[in-house]
Each structure stands twice: as C-alpha cells, then as structure tokens.
Amino acid sequence: APVSPAPARIAAENSLDLSKVAGTGKDGRVTKGDALAALEARANAPAPAAAPAAPRAIHEREERVKMTRLRQTIARRLKEAQNNAAMLTTFNEVDMTAVMALRGQYKDIFEKKHGVKLGFMSFFTKAVVAALKSVPDVNAEIDGTDIVYKNHYDIGVAVGTEKGLVVPVVRDADTLSLAEIEKAIGALGKKARDGQLSIDDMQGGTFTITNGGIYGSLMSTPILNAPQSGILGMHAIKERAMVVNGKIEVRPMMYLALSYDHRVVDGQGAVTFLVKVKEALEDPQRLLLEL
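Letter by letter, the sequence shown follows residues 87 to 377 in the working numbering.
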C-alpha cells in the first residue's frame with residue numbers, strides 16, 4: 087500500500103523499514119502513529135545478548151607439572167619436621183663491622199695464599215661451632231625416648247640449586263681452619279649445582295646454617311632439618327642507625343634467627359646460643375684465638 091508523507095519522513099530519518107511495520111490505516115496503510123509506535127518498540131527492545139567469550143585454553147592460565155623426586159623429598163622432610171618437632175624461633179642481631187673489616191683487610195692475601203675467597207660462611211661456621219660447644223643441647227637430637235648428644239660438629243650448609251634446596255655437610259668443622267671451611271663449602275656447593283652430591287654428602291649433619299641473605303631476605307624463620315634440633319638463619323646485611331657508646335652510628339647489621347626443637351632446647355639455651363654467635367662475630371679475633 088502507498089505510504090503517506092508523514093510516516094515516510096519518520097522512516098527515512100530513523101532508518102525504519104516500513105515494510106516490517108503492520109499498518110492500521112485504510113487498506114492496511116502505515117500511519118504516522120504506526121511509524122512512531124514502531125520506533126518506540128524498537129527503542130524498548132532488549133539489547134541482543136553478547137556472544138560469550140571463547141574460553142581461554144587451560145594451558146594459558148595454569149600448568150600442571152609432576153614434582154621431581156628431589157622436590158617430593160624436600161616437601162616430605164620439611165612437613166615431617168613441622169609435625170614432629172616443637173619448633174620455635176628466637177632472634178638476635180649482629181654488628182658485622184669487625185668481620186667485614188677483617189675480611190676487607192686480608193681477603194686478597196687470603197685468596198693468594200689459600201686459593202679460595204674469604205667469605206662470611208667460614209666465620210659463621212666457626213661461630214656456630216663455638217656456640218654449640220657452649221650449649222650442647224642445640225647439637226643434640228631425640229631418638230625415641232633418648233636424647234643423643236653429638237660430640238662432633240658436622241655442619242650442614244643449605245645450598246639453593248635449580249632443582250631445589252640441598253644441604254651438604256661440612257664434616258668435623260671444629261677441626262678445620264677458615265681456609266679449609268671455605269674450600270669444603272666451595273667444593274660441596276659446586277657438586278650441588280652440578281647435581282653430583284651423593285647421599286653421604288647430605289647425611290649425618292648435627293646442625294644447619296642457611297643464608298637467605300644472598301637473596302635479600304631481611305628476616306625469616308627457617309625450618310629444622312630433621313632430626314637436628316637447631317638451624318641458624320643468616321640474613322642480608324643492612325646499614326642501620328645504632329646507638330654505640332651513647333652515640334648514634336651507622337653500622338652494617340644482620341638479623342640472626344635460630345629455629346630450635348623446644349623438646350630438647352629450652353628458651354634460655356636458645357637465647358644463649360644466639361648471644362654466643364653474636365659475641366663471636368662481633369669480636370672475631372677472640373674466635374680465631376679460641377678464647
């Protein structure tokens with residue numbers, strides 16, 4: 087049917103297809119009212135639902151990888167340590183000024199003579215051995231209903247590798263010089279990174295030292311290396327304002343953390359142990375002279 091000018095104009099201005107509009111006028115003609123009603127109906131019609139987004143492939147959001155045997159062993163042993171020990175952590179801080187000065191003064195001569203760099207780990211190992219001798223409970227372990235006190239000092243040194251954390255052991259550390267300790271740690275560290283550590287290299291430790299400071303850790307609560315009763319956490323050296331003899335001085339400070347098995351070690355013993363480590367490191371000459 088012919089369309090009158092009014093609805094035709096409305097259709098043209100609003101892109102309305104009048105062929106789809108039911109006319110109510112004479113002979114089925116589309117009236118102005120029909121055109122306006124069609125516009126209103128179109129405006130009130132619900133918007134078409136957006137097409138659902140295609141689901142992202144699972145591999146883009148997560149990846150499932152089977153744990154390596156080493157990672158499974160680490161996970162099992164750490165959980166066993168948490169479940170079996172009455173684990174607690176105590177803290178102290180050490181002024182590294184004296185050790186850093188001694189190292190800075192002799193590191194070149196030391197390396198030239200011994201063929202190995204003088205690091206901090208040898209000082210810490212010496213300090214730990216001295217503290218263990220003063221507080222033997224920390225160098226003990228529980229076996230059933232017995233406490234076994236170790237009269238040897240085999241110090242585990244935690245080493246991070248691409249495959250996970252391993253703890254090779256420096257045997258009879260109390261009989262070794264600084265150079266011998268550095269050489270032993272260097273050799274064990276290389277074996278660890280090369281994946282060549284044997285079971286014997288990692289068994290039989292009586293105490294463990296871990297150094298999160300190399301990764302920037304300021305403070306942590308290390309988990310025991312069962313069945314040992316103690317583990318010392320070293321941390322990053324940071325300059326801080328300290329009161330020294332009534333004056334404020336900037337000193338290189340490190341937080342120390344001792345996690346221990348409270349079934350074996352009392353709080354007094356744990357605190358005493360850390361104080362002994364602190365005193366040895368803040369006066370390394372006494373440490374080297376075994377005073």
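All C-beta atoms in this analysis are idealised placements derived from N, C-alpha and C, irrespective of residue type, glycine included. Values in this document were obtained by computation on a predicted structure and should not be read as measured data.
Check, Outcome
"Coil, strand or helix - K118 by DSSP", "helix"
"As assigned by DSSP and simplified to three states, the class of T292", "coil"
"Any 3 or more C-beta pairs closer than 8 angstroms across the region 249 to 256 and the region 148 to 161", "yes"
"Segment limits, alpha helix (DSSP H) that includes V330", "From DSSP, V330 is part of no alpha helix (DSSP H) but of the beta strand (DSSP E) over 324 to 330."
"Selected residue, minimal CA-CA separation from V336, among S345, P91, K324, T159", "K324"
"Bridge partners - R337, DSSP secondary structure assignment", "R326"
"Alpha-carbon spacing of G95 relative to L122, whole angstroms", "Checking the sequence shown, residue 95 turns out to be Arg, not Gly. Distance between the alpha carbons of R95 and L122: 11 angstroms."
"Within the region 192 to 276, ranges of the beta strand (DSSP E) (whole runs, at least 3 residues)", "226 to 229, 232 to 235, 241 to 243, 245 to 247, 250 to 252"
"Buried/exposed call for A299, threshold 16 Cβ in 10 Å", "Note that residue 299 is Gly in the sequence shown, not Ala. That one is buried."
"At least three beta-carbon pairs within less than 8 angstroms, the region 356 to 374 to the region 175 to 195", "yes"
"Three-way DSSP call (helix, strand, coil) for S345 in this model", "strand"
"From G201, N170, V329, residue whose alpha carbon lies closest to that of I309", "N170"
"L318, buried or exposed, once every other Cβ within 10 Å from all chains shown has been counted against 16", "buried"
"Residues that V180 bridges to, as DSSP identifies them", "M340"
"Identity of the residues DSSP links to T175 by a beta bridge", "S345"
"For N297: DSSP bridge partner residues", "M320"
"Collapsed DSSP secondary structure at Y102 in the structure displayed", "The question names Tyr, but residue 102 in the sequence shown is Leu. L102: coil per DSSP, three-state reduction."
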